[in-house]
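Please read the structure below before turning to the comments.
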Amino acid sequence: MKLYEALAEKLTLQINNGYFQPGDKLPSIRQMSKTHEVSISTVQEAYRLLEDRQIAEVRIKSGYYVMSSSTVAPKLLNISRPDPTPVNISQWEAIVGLLYSHEDHHTLALGKGTPHVSGSTIQPLFKLISRFSRNQHVNQLTYDSLQGSETLRREIAGMMTHSACQLHHDEIVTTTGCQEALSCSMRAVTQTDDVIAIESPSFYGTMQIIQALGLKALEIPTHPETGISLEALEMALEQWPIKALLITPTCNNPLGYVMPDDHKERLIALANHHDFAIIEDDIYGDLAYANPRPRSVKSYDTEGRVLYCSSFSKTVSPAFRTGWCAPGRYIEKFKHMKYVSTACGSVLQPRAIAEFVAKGHYNRHIKTMRAQYLRNRDMLIELVTQHFPENIRMSYPQGGYLLWISLDESIDTSDLNKQLAIHGFSIAPGSVFTAAKKFNHCLRLNYAQEITPAVRNAIKILGQVIHASVGHPTEND
2 MKLYEALAEK
12 LTLQINNGYF
22 QPGDKLPSIR
32 QMSKTHEVSI
42 STVQEAYRLL
52 EDRQIAEVRI
62 KSGYYVMSSS
72 TVAPKLLNIS
82 RPDPTPVNIS
92 QWEAIVGLLY
102 SHEDHHTLAL
112 GKGTPHVSGS
122 TIQPLFKLIS
132 RFSRNQHVNQ
142 LTYDSLQGSE
152 TLRREIAGMM
162 THSACQLHHD
172 EIVTTTGCQE
182 ALSCSMRAVT
192 QTDDVIAIES
202 PSFYGTMQII
212 QALGLKALEI
222 PTHPETGISL
232 EALEMALEQW
242 PIKALLITPT
252 CNNPLGYVMP
262 DDHKERLIAL
272 ANHHDFAIIE
282 DDIYGDLAYA
292 NPRPRSVKSY
302 DTEGRVLYCS
312 SFSKTVSPAF
322 RTGWCAPGRY
332 IEKFKHMKYV
342 STACGSVLQP
352 RAIAEFVAKG
362 HYNRHIKTMR
372 AQYLRNRDML
382 IELVTQHFPE
392 NIRMSYPQGG
402 YLLWISLDES
412 IDTSDLNKQL
422 AIHGFSIAPG
432 SVFTAAKKFN
442 HCLRLNYAQE
452 ITPAVRNAIK
462 ILGQVIHASV
472 GHPTEND
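Residue numbers are given in my numbering: position 151 of the sequence shown equals residue 152, and the series is strictly consecutive.
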């Protein structure tokens with residue numbers, strides 16, 4: 002962590018702990034420089050970072066102030082404690098039901114994992130697709146290469162420098178979304194009945210790949226702020242023949258944490274020592290609220306053990322199904338798995354997305370989305386705090402647009418979801434985020450969309466239903 006980032010984190014902690022109140026003036030740049038024995042430029046960078054995160058604001062000829070909208074961090078979750086045994090995954094029926102509820106246009110799907118797609122910053126991409134569609138060139142009707150559009154791969158290689166990865170475009174393979182990148186990665190490094198370690202909780206989509214490939218999932222205890230427990234992982238490596246670790250270390254789904262850089266370095270050291278592959282899902286990484294965005298695990302990789310997977314599905318739109326993988330030492334096996342899966346992708350969309358990135362539209366879009374998601378996070382946390390019981394715990398996402406909430410253990414959120422159907426909205430129940438029948442009392446909410454009156458009312462009703470489930474009266478009872 003750079004010096005100005007450490008200073009910004011210290012100030013953020015002081016604000017969240019109430020040392021500085023909303024509206025308070027922060028110490029002058031010179032005063033901060035003297036107090037913390039750092040340079041003027043370091044303080045300036047720290048204050049700019051607080052401004053980017055919308056924690057502080059600058060007032061002309063007056064200085065920096067704590068923003069009045071700053072939200073104190075909620076009561077955080079405890080570290081997860083999954084069963085320390087590899088298991089088979091089997092909740093496909095529950096996931097199908099969840100997907101159907103998300104597809105119902107008459108239902109407000111509060112738990113789905115889609116980004117905000119109706120903003121103005123995405124419009125240039127539609128224009129590019131329209132322009133390329135009108136260009137009736139025969140090349141657009143042919144197969145793309147197995148490795149994918151070179152133009153797009155060059156742009157992706159440039160994008161990955163923001164996560165401190167220095168890659169040649171020939172080290173990248175494009176895919177049909179991140180799901181294919183993850184699937185091909187798992188098939189490249191495992192065989193049927195192998196053990197793959199995962200976070201706890203973990204995204205249900207990737208767990209279904211594990212099930213389809215006949216692998217066994219071993220959930221590792223995961224901290225809501227720092228991620229997977231490296232101590233628990235090391236113990237598991239001593240006990241089980243783990244072939245790969247599947248991890249989302251930056252803006253995790255569903256917890257929203259960012260793994261510290263020193264943990265990423267230690268993780269690479271563990272992989273080198275115990276000889277296992279790391280499949281890094283960085284699909285939300287560009288949506289980190291910190292600026293610059295956090296480094297990837299891949300950036301610390303010295304032996305080609307990390308298969309880095311991502312896509313534009315969560316940052317731009319899931320409709321374009323354009324992803325990629327930097328498979329490291331496994332690239333030839335990965336390309337074989339891609340050929341078996343889809344062989345080659347389309348030509349039109351990669352061309353449009355490559356130009357969207359090249360012209361700077363992607364960076365402008367990401368900057369806008371980060372700010373919107375950060376505002377929405379604070380508003381949703383405030384609503385949940387207002388309407389839910391006091392004994393709940395929740396995540397404090399450092400990026401992305403997903404909030405994880407832990408309720409009283411007497412509540413089954415799958416049953417809760419059935420009750421919510423009559424009110425016209427749904428959540429994502431916690432039971433689908435585990436292979437080991439855990440998290441029945443948890444749920445995931447999405448705050449990508451604007452916090453409209455309909456959303457506010459749904460959160461209020463959700464709180465009332467939860468209160469009723471544990472026998473607490475509310476003001477409307």
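Glycine included, each C-beta is placed from N, C-alpha and C at the ideal position.
Residue i versus residue j - alpha carbon distance
| i | j | result |
| --- | --- | --- |
| K461 | A455 | 10 Å |
| L231 | S81 | 13 Å |
| P398 | Q373 | 14 Å |
| V317 | K113 | 15 Å |
| P202 | F277 | 21 Å |
| D120 | F127 | The question names Asp, but residue 120 is Gly in the sequence shown. If I take the Cα positions, the gap works out to 12 Å. |
| L256 | A233 | 18 Å |
| E220 | P85 | 7 Å |
| N253 | S184 | 18 Å |
| G464 | G431 | 17 Å |
| E235 | I41 | 42 Å |
| W405 | P225 | 9 Å |
| Y151 | A353 | Note on identity: in this sequence residue 151 is Glu, with Tyr being the wrong assignment. Approximately 13 Å, taken between the alpha carbons. |
| G324 | I157 | 10 Å |
| T386 | M260 | 26 Å |
| M160 | Y331 | 22 Å |
| D195 | R445 | 29 Å |
| S407 | A355 | 40 Å |
| T369 | L288 | 10 Å |
| E6 | E451 | 29 Å |
| A189 | L12 | 44 Å |
| E200 | A437 | 12 Å |
| F21 | K62 | 20 Å |
| R457 | L50 | 30 Å |
| S470 | I30 | 51 Å |
| S34 | A9 | 13 Å |
| P28 | I367 | 31 Å |
Assumed close pair residue i, residue j - CB separation to whole angstroms, cut-off 8 Å
| i | j | result |
| --- | --- | --- |
| I243 | A198 | 5 Å |
| E172 | A327 | 5 Å |
| N392 | L111 | Not quite, the Cβ-Cβ distance comes to about 21 Å (not below 8 Å), so this is no contact. |
| S314 | A95 | With a Cβ gap of about 22 Å, S314 and A95 do not count as contacting. |
| A248 | I229 | This sequence places Ile at residue 248; Ala is not what is there. Yes, I248 and I229 are in contact; Cβ-Cβ is about 6 Å, under 8 Å. |
| G286 | S297 | 7 Å |
| T175 | G215 | Between G215 and T175 the Cβ distance is about 27 Å, and since that is not below 8 Å, they are no contact. |
| Y340 | L147 | 6 Å |
| T251 | G400 | 7 Å |
| E52 | E58 | 6 Å |
7 Å CB neighbourhood of residue i in its chain, flanking five on each side removed
| i | result |
| --- | --- |
| D302 | I269, G329 |
| S186 | I280, L308, C310, C326, P328, F335 |
| L375 | R54, Q55, Y290 |
| S71 | At S71, the pLDDT of 44 sits below 50, so the modelled position is not reliable and the matter cannot be decided from this model. |
| V466 | L417, Q420, L421 |
| R267 | L231 |
| L129 | A353, E356, F357 |
| P319 | T115 |
| M2 | D262 |
Beta-carbon gap between residue i and residue j smaller than 8 Å
| i | j | result |
| --- | --- | --- |
| C179 | S342 | no |
| V433 | Y205 | yes |
| R294 | S396 | no |
| H264 | T223 | no |
| T191 | A245 | yes |
| M208 | I90 | yes |
| P125 | F357 | yes |
| C345 | D145 | yes |
| T122 | R365 | yes |
Cβ neighbours of residue i in the same chain (closer than 6 Å, five flanking residues each side left out)
| i | result |
| --- | --- |
| Y48 | Y65 |
| D413 | N441 |
| A449 | P116, H117, Y402 |
| H275 | L238 |
| F133 | L349, R352, A353 |
| H424 | I462 |
| K76 | R394 |
Same chain, Cβ closer than 8 Å to residue i, five either side skipped, listed in chain order
| i | result |
| --- | --- |
| H388 | I460, K461, L463, G464, Q465 |
| L4 | V39, T43 |
| L78 | P225, L256, R394, M395, S396, W405, S407 |
| L109 | G425, F426, S427, A455, V456, A459 |
What beta strand (DSSP E) runs, 3 residues minimum, are completely inside the region 210-256? 217-224, 243-248
For the region 32-70, which segments carrying the alpha helix (DSSP H) assignment without a break, of at least 4 residues, lie completely within its bounds, in sequence order? 41-53
4 or more residues per run - each alpha helix (DSSP H) lying fully within the region 109-161: 124-135, 151-161
Report the start-end ranges of each beta strand (DSSP E) in the region 372-430 that is 3 residues or longer and not cut off at the edges. 403-407
If we require 4 or more residues per run, which alpha helix (DSSP H) segments fall completely within the region 302-382? 332-342, 349-359
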